[in-house]
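Peer 1: If you read the sequences in order, they're chains A and B.
In short: position in the first sequence from 1, add 400, done, that's my numbering.
In short: position in the second sequence from 1, add 20, done, that's my numbering.
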Amino acid sequence: MSTLIYQQFTDYIRNETPVALATIIEGPGVGAKLLVARVDGVEKVIGSLGHPELDRVVARDTAGELEAGRTGVRHYGPEGQATPEDLIDTPTVVVFIESFSPAPQMWIFGAVDFTAALGRVAKVLGYRVTVCDAREIFATKRRFPMADEVMVTWPTPMFEKRGNTLGPRDAVCILTHDPKFDVPAVQGALSTSVGYIGVMGSRKTHNKRLERLAEVGVNSPEQLSRLMSPIGLDLGGRTPEETAIAICAEIIARRTGHLATSLKNTDGAIHS
Amino acid sequence: MREILNDIDRWRSDGKKVAVARVVKIEGSGPRDPGAAMAVNEDGEVAGSVSGGCVEGAVVSEALAIIGENAPGRMVTFGYSDDEAFAVGLTCGGIIRLYIEQLDW
């Protein structure tokens with residue numbers, strides 16, 4: 401077999417193109433592959449599972465799984481039969497469909513020591529990290545080598561230009577403490593569908609910030625309930641690294657909807 | 021699989037044969053979700069993981085056998101409740117189904 405599919409597959413993953421790989425794992429044609437990528441909103445299909453109708457049906461289902469970001473196993477007949485009645489008395493083709501979505505994003509506002517620690521932990525978790533600060537001498541790639549991108553800009557243009565790329569899997573962490581910067585950053589983040597918005601500061605800073613946000617019209621309970629402020633789980637740590645863990649732990653717990661407590665103190669299945 | 025691509029590419033550019041094991045299904049409690057992947061080269065070097073360390077040794081043996089026999093891909097199941105399962109199980113009691121194949125595509 402040629403290495404064309406693998407090459408295409410790795411190219412798509414590396415340039416952050418959403419791609420899904422369908423492989424026959426049992427039945428006739430085991431090992432055959434179909435690759436479905438979404439390039440500029442258009443689906444592109446490469447490879448074959450050995451029958452045109454099977455290819456058509458699996459490509460359709462794979463595109464659906466890719467859209468939903470799902471990975472799993474599906475059963476077909478050798479000619480693409482997909483309904484249970486059609487699968488009686490015919491060998492079953494078992495197909496594993498694996499979706500590869502681009503890495504989730506974390507935007508960190510404020511080029512401070514906490515930013516470097518948070519960037520490192522976020523990279524461990526697989527985020528694409530963007531550090532953003534308006535001060536040119538602080539926002540440098542040298543200070544944040546772990547960041548995929550360091551932007552010297554104010555929050556508002558950043559959100560205007562790229563806010564529409566943020567979704568439920570992504571996170572915005574505002575570590576500036578500076579009202580000039582954090583109020584527009586909060587406003588910008590609230591205008592997106594980003595899944596997590598954390599804002600750093602003491603309870604005093606938080607209360608003052610709420611006043612300033614109210615002055616610019618950010619005061620509805622729905623808006624304010626999206627803000628995780630003060631940022632992070634209460635782990636009791638103090639260092640930038642410990643704070644970074646507390647922030648990332650909060651992001652995970654918000655995503656899963658779990659109460660962040662020790663498993664020792666809870667019952668039931670751990671992975672549900 | 022994303023995290024093991026660099027190792028795979030390095031091995032392949034060195035002319036090594038490579039097999040890849042992917043978790044396709046988990047029943048009950050399992051440490052890694054479907055899609056977790058591990059690559060093994062013909063020298064037995066490993067990248068990535070498919071469990072919490074419970075079955076990796078057996079996966080290496082199976083991957084090396086597939087490379088050695090130049091065999092097509094196959095399903096392998098690990099777990100206590102399967103009679104045909106290999107002699108290793110998952111400490112968490114779940115069942116893990118893997119698809120292992122040569123990277124010849």
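Every residue, glycine too, gets a C-beta built ideally from N, C-alpha and C.
Everything numeric in this text was worked out from a predicted model, so none of it was measured.
Taking only the alpha-carbon atoms, compute the straight-line gap between A/N415 and A/N607 and give it to the nearest angstrom.
Peer 2: On the first sequence, position 15 is the one that residue 415 of chain A refers to. On the first sequence, position 207 is the one that residue 607 of chain A refers to. Roughly 42 Å separates the two Cα atoms.
Peer 1: Please name the residues in the segment 76 to 102 of chain B whose beta-carbon is closer than 8 Å to at least one beta-carbon of chain A, in chain order.
Peer 2: Those residues of the segment 76 to 102 of chain B that come within reach of chain A (Cβ to Cβ, closer than 8 Å) are P92, G93, R94, M95.
Peer 1: Indicate whether A/L627 and A/L590 have their beta-carbon atoms separated by less than 9 Å.
Peer 2: By one-based count along the first sequence, residue 627 of chain A stands at place 227. By one-based count along the first sequence, residue 590 of chain A stands at place 190. Yes.
Peer 1: Could you please give the first and the last residue of the uninterrupted beta strand (DSSP E) stretch that includes A/G632?
Peer 2: By 1-based counting over the first sequence, the position of residue 632 of chain A is 232. Neither: A/G632 is in no beta strand (DSSP E) and is coded neither H nor E.
Peer 1: For A/T592, collect the residues of the same chain with a Cβ closer than 6 Å to its Cβ; drop the 5 residues on either side in sequence, then sort them by chain order.
Peer 2: As a working mapping, residue 592 of chain A is identified with position 192 in the first sequence. Within the same chain, A/T592 has close Cβ partners G563, L566.
Peer 1: Between A/A511, A/M546, A/G519, which lies nearest to A/F538 when the distance is taken from Cα to Cα?
Peer 2: Here residue 538 of chain A corresponds to residue number 138 of the first sequence, with the count starting at 1. Out of A/A511, A/M546, A/G519, A/A511 has the C-alpha closest to the C-alpha of A/F538.
Peer 1: Helix, strand or coil, according to DSSP, for A/C573 in the structure here?
Peer 2: Translated into the one-based positions of the first sequence, residue 573 of chain A becomes position 173. It is a strand residue.
Peer 1: Could you tell me whether any Cβ in chain A is nearer than 9 Å to the Cβ of B/R22?
Peer 2: In the second sequence, the residue the question calls residue 22 of chain B occupies position 2. Yes, B/R22 lies at the interface with chain A (some Cβ there is under 9 Å from its Cβ).
Peer 1: Could you confirm whether any beta carbon from chain A is found closer than 9 Å to the beta carbon of B/S33?
Peer 2: Counted from its first residue, the second sequence places residue 33 of chain B at position 13. Not an interface residue.
Peer 1: Can you confirm whether A/S499, when its beta carbon is compared against all beta carbons of chain B, has any partner nearer than 9 Å?
Peer 2: In the first sequence, residue 499 of chain A corresponds to position 99, counting from 1. Yes, because at least one Cβ of chain B sits closer than 9 Å to the Cβ of A/S499.
Peer 1: For A/G447, write down the residues that DSSP places opposite it in a beta bridge.
Peer 2: Stepping through the first sequence from its first residue, residue 447 of chain A is reached at position 47. Partner(s): A/L434.
Peer 1: Could you tell me if A/I508 is buried or exposed, where buried requires 16 or more neighbouring beta carbons within 10 angstroms of its beta carbon?
Peer 2: Locating residue 508 of chain A in the first sequence gives position 108, where the first residue counts as 1. Buried: at least 16 other Cβ atoms inside 10 Å.
Peer 1: Among A/L635, A/I405, A/A614, which one has its Cα closest to the Cα of A/I647?
Peer 2: In the first sequence, residue 647 of chain A corresponds to position 247, counting from 1. Closest by alpha carbon: A/L635.
Peer 1: Using the Cα positions of A/G447 and A/D455, report the straight-line distance between them to the nearest angstrom.
Peer 2: For the purposes of this step, residue 447 of chain A is taken as the residue at position 47 of the first sequence. For the purposes of this step, residue 455 of chain A is taken as the residue at position 55 of the first sequence. Rounded to the nearest angstrom, the two C-alpha atoms are 9 Å apart.
Peer 1: Report the neighbours of A/E426 on chain B: residues whose CB is nearer than 9 Å to its CB, in chain order.
Peer 2: On the first sequence, residue 426 of chain A is found 26 positions in, with the first residue counted as 1. Those within 9 Å of A/E426 in chain B are R94, M95, Y119.
Peer 1: Check whether the Cβ of A/G480 lies closer than 9 Å to any Cβ atom in chain B.
Peer 2: If you number the first sequence from 1, residue 480 of chain A lands on position 80. Output row for A/G480: interface = no.
Peer 1: Report the partner residues of A/A511 according to the DSSP bridge assignment.
Peer 2: Working through the first sequence from its first residue, we reach residue 511 of chain A at position 111. A/A511 is not bridged to any residue.
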